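A.B. asks: Attaching a single structure in structure tokens format; questions to follow.
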Amino acid sequence: MLGFRNYWYPACQSGELKRRPLSITMLGEQLAFFRRDGRAFATKDECPHRGTPLSMGKDEFPGTNSVACRYHGWVWDLEDGRCLAALTDGPDSPVVGRVRVRTYPVEERKGIVWVWMGNEAPVPVEDDVPRLLARDDTKIRVVKGLTYGNWRAHAENIGYGHALMLHRDSIWVLTRQNPAFMRNFTPYVSEDVDGEWVADRSEEIVRQAEYPGLGTWPTLKGKPWRYRKGGRLSTDLFGLKAFISLGLPGINRVLNFPLRGGIYYEFYVPVDEDHYRLWQITCTWPKNPLDAVWQALRYYAWGRPAGVRRFIQQDKVMVRHSSDFAKRQGSYRPSPKIYRPDAFHALWQDYANRTARGVGLDVTSTNGTRSEAEAEPAEETHAL
Amino acid sequence: MLGFRNYWYPACQSGELKRRPLSITMLGEQLAFFRRDGRAFATKDECPHRGTPLSMGKDEFPGTNSVACRYHGWVWDLEDGRCLAALTDGPDSPVVGRVRVRTYPVEERKGIVWVWMGNEAPVPVEDDVPRLLARDDTKIRVVKGLTYGNWRAHAENIGYGHALMLHRDSIWVLTRQNPAFMRNFTPYVSEDVDGEWVADRSEEIVRQAEYPGLGTWPTLKGKPWRYRKGGRLSTDLFGLKAFISLGLPGINRVLNFPLRGGIYYEFYVPVDEDHYRLWQITCTWPKNPLDAVWQALRYYAWGRPAGVRRFIQQDKVMVRHSSDFAKRQGSYRPSPKIYRPDAFHALWQDYANRTARGVGLDVTSTNGTRSEAEAEPAEETHAL
Amino acid sequence: MLGFRNYWYPACQSGELKRRPLSITMLGEQLAFFRRDGRAFATKDECPHRGTPLSMGKDEFPGTNSVACRYHGWVWDLEDGRCLAALTDGPDSPVVGRVRVRTYPVEERKGIVWVWMGNEAPVPVEDDVPRLLARDDTKIRVVKGLTYGNWRAHAENIGYGHALMLHRDSIWVLTRQNPAFMRNFTPYVSEDVDGEWVADRSEEIVRQAEYPGLGTWPTLKGKPWRYRKGGRLSTDLFGLKAFISLGLPGINRVLNFPLRGGIYYEFYVPVDEDHYRLWQITCTWPKNPLDAVWQALRYYAWGRPAGVRRFIQQDKVMVRHSSDFAKRQGSYRPSPKIYRPDAFHALWQDYANRTARGVGLDVTSTNGTRSEAEAEPAEETHAL
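Next comes the structure, spelled out in structure tokens:
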């Protein structure tokens with residue numbers, strides 16, 4: 000299994016889906032997306048007759064919610080998937096009403112087409128779109144692309160451990176003194192105004208430490224431009240507490256990134272065993288038209304190139320390597336070689352396996368199936 | 000199994016085989032082709048000693064029908080495959096006459112090198128080259144290339160069903176009103192002046208029809224350039240009746256394509272599981288030298304670009320997709336999701352499995368082997 | 000198994016390993032190479048925590064022999080592989096001293112970094128670097144590159160059989176009349192000033208012969224530029240006797256190639272099943288500075304382009320094909336289709352299997368494991 004199926008996932012942006020259908024592979028299946036009279040539809044992108052893609056089909060009967068397969072002219076109802084006609088066999092073709100193609104529930108919110116690929120009845124899409132993202136006054140900006148690796152490796156990238164080392168030399172933190180580590184770091188599951196998330200807290204941010212046999216770290220000498228004290232960024236946005244959080248079915252939320260006062264969401268949409276589609280959505284709340292212009296300027300001149308692109312590129316390189324590592328190891332659980340910040344990953348894996356809708360996926364195993372041994376609570380393995 | 004082996008297949012054009020040997024992969028094997036004193040020869044393209052390609056070999060003894068492997072100088076008789084010498088081991092080398100490379104019967108007809116890769120004794124090449132193509136007064140023009148997909152998917156593309164939908168928007172039918180469907184369509188096996196073929200007939204060509212819940216199809220409004228009534232093209236060529244036919248081991252014949260008065264043959268030569276070589280041979284019968292010039296003009300200015308290239312490109316895209324579909328399904332038999340025009344495919348599969356020389360290949364199964372269940376007659380599954 | 004593991008192999012040139020670590024795949028494993036205070040180190044190129052490459056790591060504590068993983072800041076001792084710190088978990092991280100990454104012994108000789116990947120304790124590197132190559136007064140020049148094929152196919156390329164046929168038309172032998180074959184050719188194991196080698200001798204070099212049914216070979220008519228008698232080149236270098244020799248773990252030595260008075264070594268370093276790294280080392284012994292300039296001129300103007308590059312390129316093409324052949328056959332043993340010059344290969348396979356340090360690899364089998372049948376002496380199969 001490639002991901003938790005009983006969730007709404009972003010498929011494409013509304014503006015991308017026009018008269019020309021789209022073919023999008025998600026959760027291991029190839030889907031075709033159509034727009035008819037302003038409404039979006041999704042089917043399996045395979046004509047049941049000869050298997051050619053319905054996304055290559057033609058709108059032979061404008062005004063109806065149908066598509067005609069380009070190969071032999073079988074016409075499909077985009078709503079319920081029934082075969083409405085087989086044009087080249089005449090109106091009395093015996094296949095009419097006797098064959099069906101799979102269709103998928105589709106909703107549009109915030110300029111994004113969301114699709115439900117679950118085996119259970121869909122929940123309201125409002126349950127799955129983070130509530131702050133979904134607000135009417137939220138201005139969103141999207142960057143997305145196919146990325147090498149397994150989405151679980153990116154989900155498990157989240158946490159402060161990598162941020163303090165990997166992103167230390169990113170241009171986005173050019174002027175900040177990144178701290179060394181967090182003392183008494185504790186992950187927890189939090190319910191906030193935006194939904195339910197795995198979040199973290201710690202007692203103290205240690206800016207510099209002495210490592211036996213090695214020396215002081217980090218040293219800032221020779222880097223006068225790092226004049227600002229780093230650490231937790233202000234988290235007064237909407238009363239949220241955790242700087243970085245992780246939610247189901249695979250959403251990362253970061254406060255004040257890539258712009259102060261904004262919220263950044265990453266959606267990890269599984270494509271196949273070795274690829275996922277990374278959605279990077281930056282949310283801002285402009286107070287007035289002038290503020291909107293100012294935020295756009297900050298986003299395009301700084302936030303997108305330095306944050307959304309280059310900062311996250313560092314993560315993507317590591318996700319590529321740790322995906323390959325998980326395949327070599329046969330597991331996404333890093334035990335027994337974990338250290339204290341990995342408690343975040345362990346809690347996420349445990350939380351996801353316990354609470355996700357539907358059953359069957361185990362985020363810790365490489366093939367996604369749940370074995371007896373893996374299904375047990377993971378607490379014992381948190382500590383080395 | 001990749002194809003019916005006990006047939007003559009086109010390998011290359013005579014003009015391509017000069018002093019430099021050719022390496023051509025067909026029916027899953029790599030063959031080397033040679034020319035010696037005007038005569039063509041074929042061997043397995045692998046020296047039995049170290050496996051290096053004999054097509055890289057040298058003609059060290061001009062005047063003899065032999066080739067010397069470039070690696071260690073083992074010399075092979077191109078006629079019977081015997082080892083004639085191992086040059087770097089001296090004239091008394093013990094391998095002489097003790098090792099053999101496989102050779103293949105080769106014939107040249109109409110400027111094409113035909114090869115027999117069967118396990119039975121070869122039939123006369125005249126049995127396998129379509130008789131109209133083989134006539135002395137036939138002018139042939141060849142386009143060929145390696146194509147993605149399984150040859151069986153291209154063979155099963157043949158039939159009127161796809162033509163009326165897929166090719167509807169091809170520039171080759173720009174001025175014609177393509178009809179909607181054929182009433183009482185019946186495929187049959189026909190013996191004609193050109194050999195034995197699976198062909199079809201129908202009672203009526205229906206130009207336009209009303210499809211319940213959808214509307215009239217096709218509509219021609221706004222397309223005044225489609226002024227000509229389409230339908231069956233004249234089939235008075237050599238008394239042939241069927242516009243499109245399919246013969247063993249995988250040959251498609253179309254009348255009046257791409258030029259009126261001409262015949263078009265497609266040979267599907269299996270290469271490996273995912274590729275075949277598509278030979279597109281256009282035949283014309285010029286009445287005099289001026290007519291020959293006129294036909295050449297029509298071919299190069301219209302028939303080849305619009306017909307041989309662009310029209311058939313539409314098929315190649317669909318063959319790619321339906322080949323992949325057959326692999327996913329594990330079968331080339333589209334049952335139970337077939338419609339009436341698929342009777343042509345079903346008859347072809349049944350005919351090919353029953354009458355092809357040799358045994359073992361089942362054109363309906365993806366791996367080509369014949370299972371008990373599949374070996375039974377297919378009539379019951381023709382209808383939905 | 001990919002090669003004999005209990006040997007020193009060349010990894011890179013000393014000059015290539017500077018401040019920036021290198022990632023090199025050898026014998027199926029990815030290694031990271033580092034330089035600290037002039038000294039070279041090697042580790043498995045995989046952080047035990049999340050599997051990201053240590054060759055992407057940072058030298059966070061200059062002056063210590065350590066590397067910090069770029070992902071989460073785990074610091075590793077390059078000498079013994081101990082975890083020295085987990086920076087983002089603070090100085091008291093419980094993983095310190097509890098996890099270890101594999102390190103490999105490294106030595107530098109003659110400007111080359113040699114690495115020991117064996118499962119036994121390393122022998123002195125002097126045992127494995129050919130002694131003439133290792134001499135202080137030897138001037139070496141290196142060309143190396145990743146090559147398609149299995150190293151064993153290149154080792155088995157060695158011998159006079161291929162040279163007299165394959166290299167006959169190389170520009171490097173432009174002016175020489177290559178002979179036809181060697182009479183009473185006998186391979187043997189030789190211990191000389193340079194180490195232990197599989198070498199060969201023969202009673203007579205036959206320059207031309209008459210092959211029944213084919214004719215005289217080689218003929219030199221029309222090639223007046225081939226005025227020099229070929230045959231064994233002078234072998235008076237350091238008292239060595241064999242023109243071409245083959246040593247463990249996969250080293251080819253050729254006298255007077257590509258320059259008269261020089262010695263040429265080829266090291267075959269296994270990379271994966273389908274690739275090896277070919278090291279081509281030309282040794283010369285200049286008598287004085289002026290001679291050094293003259294030899295450099297001969298090397299760069301003639302020896303490297305005509306010998307090291309083009310002459311050996313002919314071998315590489317054949318090795319590619321015979322590697323593929325061995326995979327198809329499932330064996331590197333060419334029996335029963337061998338001829339007398341193959342006695343060299345048979346002796347090499349037998350010698351390597353019998354005397355190489357460590358156990359387990361069988362050079363004749365494609366997967367490298369030793370079966371009961373293959374482990375028996377190979378003498379019976381030398382003759383056809």
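If you're matching them up, the sequences are chains U, C and G in order. For the first sequence, numbering that gives the first Met the number 0 begins at 0 and goes up steadily by one. For the second sequence, numbering that gives the first Met the number 0 begins at 0 and goes up steadily by one. For the third sequence, numbering that gives the first Met the number 0 begins at 0 and goes up steadily by one. Backbone N, C-alpha and C fix where the C-beta goes; we use that ideal spot for every residue, glycine too. Note that the structure is a prediction, hence the values are computed from the model and not measured.
Could you tell me whether the Cβ atoms of residue 385 of chain C and residue 24 of chain U are closer together than 8 Å?
C.D. replies: The question about residue 385 of chain C has no answer, for chain C in this structure spans 0 to 383.
A.B. asks: Do residue 59 of chain G and residue 278 of chain U count as a contact pair if the criterion is CB distance below 8 Å?
C.D. replies: Contact: no.
A.B. asks: Name, going along the chain, the residues of the segment 320-338 of chain G whose beta-carbon falls closer than 8 Å to a beta-carbon of chain C.
C.D. replies: Of all residues in the segment 320-338 of chain G, 320, 321, 323, 324, 325, 327, 328, 333, 336, 337, 338 have a Cβ within less than 8 Å of some Cβ in chain C.
A.B. asks: Alpha carbons only, please: which of U/159, U/145, U/91, U/329 is nearest the one belonging to residue 245 of chain U?
C.D. replies: For the residues U/159, U/145, U/91, U/329, the minimum Cα distance to residue 245 of chain U belongs to U/159.
A.B. asks: Quick check on DSSP: helix, strand or coil for residue 8 of chain U?
C.D. replies: Looking at residue 8 of chain U - three-state DSSP - the assignment turns out to be strand.
A.B. asks: Within its chain, find whatever has a CB closer than 6 Å to the CB of residue 41 of chain U; leave out the 5 residues flanking it on each side and keep chain order.
C.D. replies: So the qualifying residues of the chain are 30, 32, 103, 105, 114.
A.B. asks: Report the neighbours of residue 214 of chain U on chain G: residues whose CB is nearer than 7 Å to its CB, in chain order.
C.D. replies: Neighbours of residue 214 of chain U on chain G, chain order: 60.
A.B. asks: What residue ranges within the segment 262-343 of chain U form continuous alpha helix (DSSP H) runs of no fewer than 4 residues, ordered along the chain?
C.D. replies: As far as the segment 262-343 of chain U is concerned, its whole alpha helix (DSSP H) runs of at least 4 residues are 288-297, 311-328.
A.B. asks: Between residue 74 of chain U and chain C, is any beta-carbon pair separated by less than 8 Å?
C.D. replies: Judged by the 8 Å Cβ criterion, residue 74 of chain U is in contact with chain C.
A.B. asks: For residue 364 of chain C, does the three-state DSSP call read helix, strand or coil?
C.D. replies: Strand, per DSSP.
A.B. asks: Since residue 90 of chain C meets chain G, which of its residues come closer than 7 Å, beta carbon to beta carbon?
C.D. replies: Per Cβ cutoff of 7 Å: 208, 209, 210, 211.
A.B. asks: Give the DSSP-derived three-state secondary structure of residue 89 of chain U in the structure shown.
C.D. replies: Coil, per DSSP.
A.B. asks: Using a Cβ cut-off of 9 Å, pull out every chain U residue sitting near residue 63 of chain G, in sequence order please.
C.D. replies: By Cβ distance, chain U contributes 212, 213, 214.
A.B. asks: Just verifying my parser: in three-state terms, what is the DSSP assignment at residue 353 of chain U?
C.D. replies: Helix.
A.B. asks: Please list the partners that residue 205 of chain G has in chain C, where partner means a Cβ-to-Cβ separation under 7 Å.
C.D. replies: What residue 205 of chain G touches in chain C: 89.
A.B. asks: With distance defined between alpha-carbon atoms, name the residue in U/163, U/143, U/294 nearest to residue 308 of chain U.
C.D. replies: That would be U/143, whose Cα lies nearest to the Cα of residue 308 of chain U.
A.B. asks: DSSP three-state call for residue 348 of chain C: helix, strand or coil?
C.D. replies: Of the three classes helix, strand and coil, the one that applies to residue 348 of chain C here is helix, per DSSP.
A.B. asks: What is the residue span of the alpha helix (DSSP H) that residue 164 of chain U lies within?
C.D. replies: Residues 159-165.
A.B. asks: Within 10 Å of its beta-carbon, does residue 376 of chain G have 16 or more other beta-carbons around it, so buried, or fewer, so exposed?
C.D. replies: Low confidence applies here, because residue 376 of chain G scores a pLDDT of 41, under 50, leaving its location unreliable and the question unanswered by this model.
A.B. asks: Residue 243 of chain C: buried (16+ other C-beta within 10 angstroms of its C-beta) or exposed?
C.D. replies: Residue 243 of chain C comes out buried.
A.B. asks: Taking residue 209 of chain U as the reference, give the member of G/123, G/89, G/314, G/77 with the closest Cα.
C.D. replies: Nearest of G/123, G/89, G/314, G/77 to residue 209 of chain U, Cα basis: G/89.
A.B. asks: So, using beta-carbon positions, are residue 34 of chain U and residue 129 of chain U closer together than 8 Å?
C.D. replies: The answer is no: Cβ separation not under 8 Å.
A.B. asks: Does the beta-carbon distance from residue 275 of chain C to residue 73 of chain C come in below 8 Å?
C.D. replies: Not in contact: residue 275 of chain C and residue 73 of chain C (Cβ atoms no closer than 8 Å).
A.B. asks: Please classify residue 14 of chain G: does DSSP put it in a helix, a strand, or coil?
C.D. replies: Three-state DSSP puts residue 14 of chain G in a helix.
A.B. asks: So which of C/19, C/363, C/39, C/254 has the shortest CA-CA distance to residue 10 of chain C?
C.D. replies: When each option's Cα is compared against that of residue 10 of chain C, the closest is C/39.
A.B. asks: Where residue 173 of chain U and residue 360 of chain U are concerned, what is the direct C-alpha to C-alpha distance, given to the nearest angstrom?
C.D. replies: Computed Cα separation, rounded: 40 Å.
A.B. asks: Quick one: list the residues of chain G neighbouring residue 42 of chain C, beta-carbon separation under 9 Å, in chain order.
C.D. replies: Neighbours of residue 42 of chain C on chain G: none; closest Cβ ~15 Å, over 9 Å.
A.B. asks: Comparing C-alpha positions only, which one of G/49, G/94, G/15 sits nearest to residue 327 of chain U?
C.D. replies: That would be G/49, whose Cα lies nearest to the Cα of residue 327 of chain U.
A.B. asks: So is residue 109 of chain G buried or exposed if we call it buried at 16+ other beta carbons inside 10 Å?
C.D. replies: Buried, because 16 or more other Cβ atoms sit within 10 Å of the Cβ of residue 109 of chain G.
A.B. asks: What are the boundary residues of the beta strand (DSSP E) that residue 216 of chain C is part of?
C.D. replies: 214-216 is the span of the beta strand (DSSP E), which, as asked, contains residue 216 of chain C.
A.B. asks: Tell me which residues share the same chain as residue 7 of chain U and place their Cβ nearer than 6 Å to its Cβ, disregarding the 5 neighbours each side in the sequence.
C.D. replies: 113, 115, 124, 127, listed in sequence order.
A.B. asks: In angstroms, rounded to a whole number, what distance separates the CA positions of residue 259 of chain U and residue 315 of chain U?
C.D. replies: Their Cα atoms are separated by approximately 23 Å.
A.B. asks: Return the CA-CA distance between residue 240 of chain G and residue 291 of chain G, expressed in angstroms with no decimal places.
C.D. replies: Spanning the two alpha carbons is a distance of roughly 26 Å.
A.B. asks: What are the start and end residues of each continuous beta strand (DSSP E) run of 3 or more residues lying completely inside the segment 32-106 of chain U, in chain order?
C.D. replies: DSSP runs (the beta strand (DSSP E)) wholly in the segment 32-106 of chain U: 38-43, 65-67, 73-76, 82-85.
A.B. asks: Residue 160 of chain G touches chain C at which residues, Cβ-Cβ below 9 Å?
C.D. replies: Under the 9 Å cutoff, chain C gives 70, 71, 72, 85, 87, 88.
A.B. asks: What is the rounded straight-line gap between the Cα of residue 263 of chain U and the Cα of residue 354 of chain U?
C.D. replies: Answer to the nearest angstrom: the Cα atoms are 24 Å apart.
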